[in-house]
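Residue numbers (my numbering): 37 to 177.
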C-alpha cells in the first residue's frame, strides 16, 4: 500500500488534440516551403544541437547544420518545387513524445526532376510546442 501512494500518476493529456497540434506543425512546414521560406520550414524543427537529420546515407546534427543542408540542396524556388505530404500517420506516445510517418513529394519543373520518398519523425513537445527532434528521410520509390 505504501508503494501505491508514492507513485505519481501520468498527467492527463488529449492525444487527439496533440495529434492535431502536430499536424498543424507539419502543415505550417509545407506552407512555408511552398512560399520559398526555408527558415519558416525549419521552425518545425527543435532549435538545438541535439537535432538529428538522416538522409542520403549521411547524418547531420544540429538545427543550424540542417538549415545549411536545406539551403545547399535547395538553392532556389525551382529546386524547392511544391512540397506535399501524403499518407501521414501520427502516433502520440506520451505527453512529451510522438512519431510521424509519411510520404513526401516535390513537384518540380524545368531543370529539376520530381522527387519524393518516405520520412519518419520523432517529435518532442517543448515549451514552444511540438518540434521535430529526429528526422529520417529517404528518397526514391
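Here a beta-carbon is modelled for each residue, glycine too, at the ideal position from N, C-alpha and C.
For residue i, which residues in the same chain have their Cβ closer than 6 Å to its Cβ, ignoring the five residues on either side in sequence?
i: residue 134; result: 58, 128 and 159
i: residue 37; result: Its pLDDT being 48, under 50, residue 37 is placed unreliably in this model, and the coordinates cannot settle the point.
i: residue 18; result: Residue 18 is absent from the model: the chain starts at 37 and stops at 177.
Might you give, ordered along the chain, the residues of its own chain that have their beta carbon closer than 8 Å to the beta carbon of residue i, omitting 5 neighbours on each side?
i: residue 107; result: 74
i: residue 51; result: 128
What residues are listed by DSSP as bridge partners for residue i?
i: residue 156; result: 137 and 172
i: residue 128; result: 134
i: residue 119; result: 142
i: residue 208; result: The structure shown has nothing for residue 208, since the chain only spans 37 to 177.
i: residue 96; result: 89
Grouping DSSP H, G and I as helix and E and B as strand, with all else coil, what is residue i?
i: residue 104; result: helix
i: residue 54; result: helix
i: residue 90; result: strand
i: residue 190; result: Lying outside 37 to 177, the shown extent of the chain, residue 190 is not represented and no answer is given.
Among the residues of its own chain, which have a CB less than 7 Å from the CB of residue i, if the five just before and after it don't count?
i: residue 132; result: 160 and 161
i: residue 116; result: 69, 72 and 110
Tell me which residue opens and which closes the alpha helix (DSSP H) that residue i is part of.
i: residue 75; result: 74-78
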